[in-house]
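Heads up, the thing below is written out as structure tokens.
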Amino acid sequence: MKFKLLTSVAIFAGVSLSTPARAENAQHTNQLLSTNQCPQCDLSGAGLVMSNLVGADLRGADLSRANLSRANLTGANLMGANLSGASLNGANLSNAVLVGVDLTGTDLRDAYLVNANLLGTTLESSYIQGTVGIPSYAGKPENFYGWAVVEAQRGNYEAAIAHYNTAMQIDAEYAPAYLGRGVAFFRLNNYAAASHDAKVAARLFEKKQDATGYQASQNLLKAVEIALDPPSRDGGGGGGGFQNFIGSVGSLLLQFLF
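In mature numbering (1 follows the signal peptide of the UniProt record, and there is no 0), the protein residues as written are -23 to -1, 1 to 235.
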């Protein structure tokens, strides 16, 4: 089984590049900033970088392509709002109401979503690298797996492990998450945890008769074994042989994961 990942980067870039620019509604923008109340407003394309919008009423507002980077939206009510193509990079959305919000192509990198209500909202086409606090109901195991792989590819193994953990919470027998987490643990030199996850992944892949996944799990186990007891540099293959083997195992794992 080979898992294909349509990255959020591509989706976000595509939406951003294909959307024509449009002037913001200055009257509605001023209303929001002065009263913190702007339900059903036209705020498309508005420049609201680092704005203090704590508890703002933005129900049903059109915030498409708006720039809300680093804005404080703690406790804001955005129910039914359109945030497609908007930038919420680094925004604080803790305790915000995001029920039924359109987040198509939305930049949520490094945003804070702890205790936010995302019922009826999908993040599948959002850009979420570094996003904190995504609830398990906001995606499928495949989504959290894909987000984890993106973080692992960037070297953010702790963030990747958090996403893998969520995928497992949703489906305790989702084998790719165990293998992916095992690889992340391996990169962090936590060989005991890597070995444990590789064994669980191998059992689950074998149960599903997935030969590719099973072999990748065995490769990870072999890598752990060699890392714990590397060949002597005085031997025939020396340290170079060990490094070559680890590199080949890594390549096989990357082919499987990506």
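Ideal Cβ placement from N, Cα and C applies to all residues, glycine included. Note that this is a predicted model, so its numbers are computed, not measured.
Applying the criterion that 16 or more other CB atoms from any shown protein chain within 10 Å of the CB defines a buried residue, is SER103 buried or exposed? buried
Nearest-angstrom Cα distance between VAL76 and GLU202? 48 angstroms
Helix, strand or coil, according to DSSP, for SER172 in the structure here? helix
So, with DSSP's three-state summary, where would you put ASN69? strand
What residues in its chain sit with their C-beta under 6 angstroms from that of SER172, if we drop five residues either side in the sequence? VAL201
Taking 9 angstroms as the threshold (C-beta atoms), are ALA63 and ASP84 in contact? yes
In three-state DSSP terms, what is ASN142? helix
Contact belief for LEU65 with LEU45 at Cβ below 8 angstroms, rounded distance in angstroms: 5 angstroms
Using a Cβ-Cβ cutoff of less than 6 angstroms, which residues in the same chain neighbour PHE121 once the five nearest sequence positions on both sides are dropped? HIS140, THR143 and ALA144
Rounded C-alpha distance that separates ASP79 from GLY97: 10 angstroms
So which of ALA170, GLU135 and PRO118 has the shortest CA-CA distance to ASP148? PRO118
Of the residues GLN146, GLU101 and ARG36, the one placed nearest TRP124, counting alpha carbons only: GLU101
Of the listed residues GLY32, TYR151, VAL74 and GLN146, nearest to GLY57 (C-alpha basis): VAL74
Please find out if some non-hydrogen atom of the ligand SAM comes closer than 8 angstroms to the beta-carbon of LEU156. Of ligands this structure carries none, so the ligand SAM is not represented either.
What are the start and end residues of each continuous alpha helix (DSSP H) run of 4 or more residues lying completely inside the segment 148 to 193, in chain order? 152 to 164 and 168 to 184
Going by DSSP in three states, SER64 sits in which element: helix, strand or coil? strand
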